[in-house]
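Have a look at the structure below, then the notes.
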Amino acid sequence: IVEGAGCPEQIEGRVNQIRAEIENSDSEYDREKLQERLAKLAGGVAVIKVGAATEVELTERKHRIEDAVRNAKAAVEEGIVAGGGVALLQAAHVLDGDLGLTGAE
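For the sequence shown, UniProt numbering gives the first residue as 1, with consecutive numbering after it.
Set out below in structure tokens:
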């Protein structure tokens, strides 16, 4: 498993086992730790190292990074739309065309 080595079938079996444990877990803490383990086995892991001159500065940076990670996860799960009117501009050609609607539709 280390450095990508290992039997893919065994890794997939372990991934499925962890997914089953997540579904059966009553503890939010255990579920979170299992999800972290699942992410590491399934791929797509990133390690962000942060440094700062003071503890307060380090805490602030850590919170900012955690917020950015949550936002990125939400964007992946829920999808994103370009801001600043870009989405409206991209959809304008559809809105200008004949949609076949009548009345208040």
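Think of the CB as a built atom: it goes at the ideal place given N, C-alpha and C, for glycine as much as any other residue.
Remember, it's a predicted structure, so these values are computed and weren't measured experimentally.
Buried/exposed call for residue i, threshold 16 Cβ in 10 Å
i: LEU58; result: exposed
i: LEU34; result: buried
Selection from the options that minimises the alpha carbon distance to residue i
i: PRO8; options: LEU41, LYS73, THR102; result: LEU41
Residue i versus residue j: straight-line alpha-carbon distance, rounded
i: ASP67; j: GLU21; result: 27 Å
i: ARG14; j: ARG37; result: 10 Å
i: ALA52; j: ARG64; result: 13 Å
i: ILE11; j: GLN17; result: 10 Å
i: ILE1; j: LEU101; result: Bear in mind that the predicted position of ILE1 carries a pLDDT of just 49, short of 50, making it too unreliable to give a figure here.
Contact belief for residue i with residue j at Cβ below 8 Å, rounded distance in angstroms
i: LYS62; j: VAL50; result: 6 Å
Close-in-space but distant-in-sequence residues of the same chain around residue i (CB under 6 Å, 5 per side omitted)
i: GLY103; result: none
Own chain partners of residue i with C-beta closer than 8 Å, once the 5 adjacent residues on each side are dropped
i: ASP98; result: none
Own chain residues within Cβ distance below 7 Å of residue i, not counting five before or after
i: residue 109; result: Since the first residue shown for the chain is 1 and the last is 105, residue 109 is missing from the structure and cannot be characterised.
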